[in-house]
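First comes the structure, then the notes that go with it.
Here you go:
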C-alpha cells in the first residue's frame, strides 16, 4: 500500500490568506466607497478634513463625510492603513 505525504506550510498559507483578504478589502474600498461607508452612517471616524485640517469627521449616507468642526461636507479619499 502506498502512502502519500503532504507538506503543508501553515505560516505560508496564513500569509497568503492575509494578503488575499487585504487585497479584497482594498478593492472594495476603491470600487465602492459609498457601500463601505454606509455601514458606518452616524459614526465619527479619524480622517483629515480637506478644508480646516481637523482630524474627526462624521459619516453621512451616500458615502459622504462632514467635518465636525467646520461642517464641510465632502466625498472622502479612502486609504487603508494596515497595522
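In this note's numbering, the protein residues as written are 1174 to 1256. The C-beta atom is built at its ideal place from N, Cα and C for all residues, glycine as well. Quick caveat: nothing in here was measured; it's all calculated off a predicted structure.
9 Å Cβ cutoff met for residue i and residue j
{"i": "residue 1235", "j": "residue 1211", "result": "yes"}
{"i": "residue 1233", "j": "residue 1253", "result": "no"}
Alpha-carbon to alpha-carbon, residue j and residue i
{"i": "residue 1202", "j": "residue 1208", "result": "8 Å"}
{"i": "residue 1191", "j": "residue 1244", "result": "37 Å"}
{"i": "residue 1182", "j": "residue 1189", "result": "11 Å"}
{"i": "residue 1205", "j": "residue 1219", "result": "20 Å"}
Beta-carbon separation (whole angstroms), residue i vs residue j, contact threshold 8 Å
{"i": "residue 1248", "j": "residue 1237", "result": "6 Å"}
{"i": "residue 1229", "j": "residue 1239", "result": "At roughly 10 Å, the Cβ-Cβ gap does not stay under 8 Å, so residue 1229 and residue 1239 are not in contact."}
First through last residue of the beta strand (DSSP E) which encompasses residue i
{"i": "residue 1219", "result": "1217-1219"}
Contact test: residue i Cβ vs the ligand NAP heavy atom, cutoff 8 Å
{"i": "residue 1187", "result": "Absent from the structure shown: the ligand NAP. Ligands present: none."}
**Request:** Can you check the stretch 1184-1240 for any alpha helix (DSSP H) of at least 4 residues that lies completely inside it and give the ranges in chain order?
**Result:** 1206-1210
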